[in-house]
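Q: This is the structure I have questions about; it appears just below.
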Amino acid sequence: MENKRKHSRKRDAILDCMRNTTCHPTAEWVYQQLKPIYPDLSLGTVYRNLAMFKETGTIQSIGVVGGLERYDAQVKPHAHFICTCCGKVEDLPMAAPAPALLEDAGRLAEATVTGYQLQFTGLCSGCNKKSEPKN
Numbered sequence: 001m002e003n004k005r006k007h008s009r010k011r012d013a014i015l016d017c018m019r020n021t022t023c024h025p026t027a028e029w030v031y032q033q034l035k036p037i038y039p040d041l042s043l044g045t046v047y048r049n050l051a052m053f054k055e056t057g058t059i060q061s062i063g064v065v066g067g068l069e070r071y072d073a074q075v076k077p078h079a080h081f082i083c084t085c086c087g088k089v090e091d092l093p094m095a096a097p098a099p100a101l102l103e104d105a106g107r108l109a110e111a112t113v114t115g116y117q118l119q120f121t122g123l124c125s126g127c128n129k130k131s132e133p134k135n
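Mapping of the sequence shown onto full-length UniProt numbering: position 120 corresponds to residue 120, and the numbering continues sequentially without gaps.
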C-alpha cells in the first residue's frame, strides 16, 4: 500500500532547503534556516521529514560527521570527501566503480549489491595549511 501524506508547506520548504544547499546540512541547520520563515516549525518536524525523505530516496544520509547526521539532496552516485579536522564535507563527482569491484563486494558479502557510498577522509586544504609547520 502506498504511503500517502497530505501536502505540507513546511515539508516542501524542508525539501527546498535541502535542494538549495551544497553544505550537507544537519537537521539543526535546516531548522535554523527555516525557523524565521515558519516560527511554529519544530526541530522534531524537521527530523521526521528528513527521515521520510531518506526512506523514499529523495535525500540520502552521508553518515555522522562531528557527532551529527549529515544529509545530501544529491542522490545521483558521487563520492564525498570529509575533513577529519573541521568536518567539512565536499561532493566529488566520480565515475561509478568498476563492475568487478561491485561483483567482488557481492561475492564477499554473499549478497546482491544494489548501491554503494564512497567516502574519502583526510584534511581539507584549509586544515592542511593550518597544520603545516611555519618556517
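Note that CB positions come from ideal geometry on N, CA and C, so glycine has one too.
To the nearest angstrom, how far is it from the Cα of Leu41 to the Cα of His80?
A: The residue given as residue 41 occupies position 41 in the sequence shown. The residue given as residue 80 occupies position 80 in the sequence shown. Distance between the alpha carbons of Leu41 and His80: 30 Å.
Q: Just to confirm, is the Cβ distance from Ile59 to Val89 under 8 Å?
A: Residue numbering aside, residue 59 sits at position 59 when the sequence shown is read from its first letter. Residue numbering aside, residue 89 sits at position 89 when the sequence shown is read from its first letter. Cβ distance not < 8 Å, so Ile59 and Val89 don't count as in contact.
Q: Quick one: residues in its chain with C-beta nearer than 8 Å to the C-beta of Thr112, no 5 flanking neighbours on either side, listed in chain order?
A: Here residue 112 corresponds to residue number 112 of the sequence shown, with the count starting at 1. Contacts found: Gly106.
Q: Between which two residues does the alpha helix (DSSP H) containing Glu55 stretch?
A: Start at 1 with the first residue of the sequence shown, and residue 55 comes out as number 55. Looking at the DSSP string, the run of the alpha helix (DSSP H) that includes Glu55 is Leu43 to Thr56.
Q: So what does DSSP say about Gln74, is it helix, strand or coil?
A: Position 74 of the sequence shown, counting from 1, holds the residue named residue 74. The answer is coil: DSSP assigns Gln74 none of H, G, I, E or B.
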